[in-house]
Every structure is written in structure tokens, then in C-alpha cells.
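Q: Would you mind keeping the following structure in view while I ask a few things?
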Amino acid sequence: MQIEFTATYDVDQVLTFSLPDKSVRGRIARIGPALSEILQAHDYPPVIRLLLSEALVITTLMGSLIQKSSGQLTIQAQSTSGVVELLVCDFLDSRVRGYVQFRDDAILQQDRLPDLARLFGDGRLVVTFDMAASKERYQGLVELRGASMTQVVRQYFIQSEQIPTVLQTAINLDGDEPAAAGMLLQYLPDGEEGRTRLDTLDSDFGWSCIAQLARTTDDRDDALLEEPGLRSALRRLFPDEDTVMVHETTVLQKGCRCSLEHYDSILSRFSKEDRREMQNEDGVILVDCAFCARQFAIQD
Ligand SMILES: [Zn+2]
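This note's numbering applies: residue 14 is where the sequence shown begins, and numbers increase by one.
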């Protein structure tokens with residue numbers, strides 16, 4: 014008798030792990046159906062699809078640094094001089110969403126991401142951690158320079174967080190089932206998991222450890238995208254580690270807060286006069302959700 018095992022392809026998941034010998038905490042993430050849903054809400058040209066996919070997987074990796082239900086991560090790229098005017102992605106409670114606002118331009122039709130200066134001009138990326146429990150907000154800002162969002166966010170970690178970090182992403186939008194995958198490794202000698210602020214780490218050991226892990230990148234894109242299971246991807250990513258401790262798997266969704274109830278409650282905070290000004294001639298307030306490209310008609 015022959016038994017065939019079909020490995021399922023893990024998507025819309027984040028897997029957290031650690032490399033105890035190196036004091037490194039990590040996570041790998043892969044988004045598939047959630048990514049499709051986000052991309053399909055808009056008619057994006059190829060370059061915008063690539064850009065948004067990369068931003069979404071980065072948002073997922075960074076957002077999952079926040080412990081569940083305790084806060085939101087938002088990344089926002091803004092420019093007044095570039096082809097891309099606005100890119101917003103956020104992550105809350107294992108739900109990710111994002112959209113891009115752009116001007117039509119021939120450069121957006123190519124099949125590779127052009128240098129970010131061509132897309133954003135002199136734009137900036139703002140990274141915001143809103144912590145629900147403490148009501149604190151941490152914000153970091155980095156210039157949109159380089160060949161990819163991944164490079165920009167690596168720079169953010171060096172400048173703003175000062176935590177030795179490896180960030181890697183791999184995108185495949187060919188075919189019917191787009192996938193975006195990524196890995197985030199951080200040197201955290203105090204063993205902190207979840208998001209708590211660390212005092213500035215002044216550790217040459219940490220930086221050299223991380224630099225060494227960043228160099229072993231031979232077939233990392235393939236491992237991230239092609240390996241069916243995220244656990245088996247880990248085996249391929251760290252063949253030289255004696256111990257890779259797998260922690261937990263979190264299932265992701267494309268998530269948005271837009272609903273009639275949500276907008277109703279927002280509008281109820283405005284005065285009657287203000288609401289009257291928002292109404293159209295039929296007495297209806299139309300509210301757009303840019304993330305989902307949906308419009309809600311609210312009868313006041
Ligand atoms: Zn929405």
C-alpha cells in the first residue's frame with residue numbers, strides 16, 4: 014500500500030520562533046488569500062501591486078511584534094512630489110489591510126520595482142506603534158530611499174529602534190495565487206517577546222550575530238515562498254542551527270473596520286449641524302473606505 018502525503022501550503026500565517034544559541038527571536042510570515050483580497054479591491058498597475066505586497070508582508074511581520082489585542086502598527090509612506098502619493102498599511106489583532114493612492118504614470122506598468130526615489134520623490138515612511146493598554150504612541154520616520162520597502166524598513170530599525178534586525182521579503186505575483194513572504198529576526202538578549210521598549214542596545218555581539226545571519230541568504234527567497242510549510246521553511250533557512258525553537262502560529266486575515274455600525278458611531282460624535290453639512294441632497298452621508306474601495310450610505 015502506498016500512502017501519499019500532500020503537504021499543505023501554509024498561507025495567511027505568522028510563525029514565531031527563536032534561535033536560543035544566538036539570542037535571536039524571529040517570525041516568518043506568508044500571505045496569500047488575504048493578499049489577493051487586498052489587491053483585488055483596486056485596479057492596481059503591476060508596480061503598485063509589487064509595492065503594496067511588500068509593504069503588507071512587512072506590516073504583518075512588524076505588527077505581529079505587538080502582543081495580541083494590545084495595539085496597532087501602521088506604516089504610512091507619503092509624498093507630494095512622487096508618482097505614489099500615499100501608501101498606508103496597518104495591522105491590528107492579526108488583521109492586515111492596506112491601500113495605495115497614486116498618479117498614473119508609465120513607470121507603474123513595468124514588471125519590476127523601480128528605485129523608490131522614482132516612485133516617491135522625496136517621500137518619508139512613518140512607522141507608528143499605537144499601544145492600546147498604555148495608550149502610548151511610538152513613531153519613527155525614515156526616508157524612502159533604496160531599491161525596496163524592505164531596505165527602507167531595515168534603515169528604520171537601525172535608526173529608530175536600534176535593535177539588530179534582519180528583514181527579508183520575497184514576492185511572487187505571477188500566476189493566479191499571489192504570495193508574499195518574509196522573515197524578521199531580532200537580537201533580543203533579554204528574551205523579550207512581544208512589544209516592549211528596550212533600552213538602547215549597545216552590543217557589538219548582537220550586531221555581528223545578526224550580520225552573520227543576514228549574510229546566509231543563498232536560497233532564502235525560495236525557502237520563504239516555495240517551501241510548503243512554514244516549519245519546513247525554518248529548517249531550510251537555518252540548517253546550521255542546533256536549536257530552532259518554534260513558538261506559535263497565528264492565522265491572519267485581511268481585516269477592515271469598515272461597517273455601517275462603525276461609521277455610524279464615528280458620525281455620532283459630530284454635531285447635528287456638522288452632519289447636515291455632510292449630507293447629500295437625499296439626506297444621506299456617503300463614506301468611502303479607501304482600503305476596501307467600498308462606499309457606505311448612512312441615513313442620518
Ligand atoms: Zn474597509
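The beta-carbon is built from N, C-alpha and C at its ideal position, and this holds for glycine as well.
Please report the residue range of the beta strand (DSSP E) in which Gly76 lies.
A: Run containing Gly76: none in the beta strand (DSSP E); it sits in the alpha helix (DSSP H), Pro59 to Gly76.
Q: Please list, in chain order, all residues of the same chain as Arg38 whose beta carbon is under 7 Å from its beta carbon, the five residues on each side excluded.
A: So the list reads Ser31, Gln199, Leu201 and Glu206, once near-sequence residues are dropped.
Q: Could you tell me if Pro252 is buried or exposed, where buried requires 16 or more neighbouring beta carbons within 10 angstroms of its beta carbon?
A: Classification for Pro252: exposed.
Q: Could you compute how far the alpha carbon of Ala54 sits from the alpha carbon of Asp34?
A: Each residue's alpha carbon lies about 44 Å from the other.
Q: Using 8 Å as the cut-off, classify the Cβ of Phe170 as near or not near the heavy atoms of ligand 1, replying yes or no.
A: No, ligand 1 has no heavy atom inside 8 Å of this Cβ.
Q: Tell me, please, whether the segment 92-112 touches the segment 72-82 by the rule of three or more beta-carbon pairs shorter than 8 Å.
A: These segments touch.
Q: Among Cys222, Tyr276, Glu240 and Lys267, whose alpha-carbon lies nearest the alpha-carbon of Gly111?
A: Ranking Cys222, Tyr276, Glu240 and Lys267 by Cα distance to Gly111 puts Lys267 first.
Q: May I have the straight-line CA-CA distance separating Leu63 from Arg125, to the nearest angstrom?
A: Distance between the alpha carbons of Leu63 and Arg125: 8 Å.
Q: To the nearest angstrom, how far is the alpha carbon of Thr29 from that of Leu197?
A: Rounded to whole angstroms, Thr29 to Leu197 spans 10 Å at the Cα level.
Q: If Leu138 and Tyr169 are in contact, beta carbons under 8 Å, what's the gap, nearest whole angstrom?
A: The pair is a contact, with the Cβ atoms about 7 Å apart (cut-off 8 Å).
Q: Would you grab the beta carbon distance between Phe316 and Cys271 for me? Rounded to a whole angstrom, and I think it's under 8 Å.
A: Residue 316 lies beyond the residue range present for the chain, which begins at 14 and ends at 313; the question has no answer from this structure.
Q: Which value, in whole angstroms, describes the spacing of the CA atoms of Ala119 and Met258?
A: Cα to Cα, Ala119 sits roughly 47 Å from Met258.
Q: Pull up the distance between the alpha-carbon of Ala90 and that of Gly84, whole angstroms please.
A: If I take the Cα positions, the gap works out to 20 Å.
Q: When every heavy atom of ligand 1 is checked, does at least one fall within less than 8 Å of the C-beta of Cys102?
A: Incorrect: Cys102 has no Cβ contact closer than 8 Å to ligand 1.
Q: Whose beta carbon lies closer than 5 Å to any heavy atom of ligand 1, going through the chain in order?
A: Those satisfying the condition are, in chain order, Cys269, Cys271, Cys302, Phe304 and Cys305.
Q: Tell me whether Asp189 is buried or exposed, calling it buried when 16 or more other Cβ atoms sit within 10 Å of its Cβ.
A: It counts as exposed.
Q: What whole-angstrom Cβ distance do Thr262 and Gln26 have, given they're in contact under 8 Å?
A: That pair is a contact at about 6 Å.
Q: Compute the Euclidean distance between the alpha carbons of Asp212 and Asp143, then round it to the nearest angstrom.
A: Reliability of the predicted coordinates at Asp212 is poor, the pLDDT of 48 falling under 50, and the value obtained from them is presented with this limitation in mind. Rounded to the nearest angstrom, the two C-alpha atoms are 19 Å apart.
Q: So, helix, strand or coil for Tyr112, using DSSP?
A: Strand.
Q: Let me know the secondary structure DSSP gives Ile79 once reduced to three states.
A: Coil.
Q: Can you list, in chain order, the residues of its chain whose CB lies under 7 Å from that of Leu238, leaving out five sequence neighbours each side?
A: Result list for Leu238: Ala183, Asn185, Ala192 and Ala194, in chain order.
Q: Less than 9 Å separating the beta-carbons of Cys222 and Ser36?
A: In contact: Cys222 and Ser36 (Cβ atoms closer than 9 Å).
Q: Have a look at Gly153 and Val60 and give me their C-alpha separation to the nearest angstrom.
A: Answer to the nearest angstrom: the Cα atoms are 26 Å apart.
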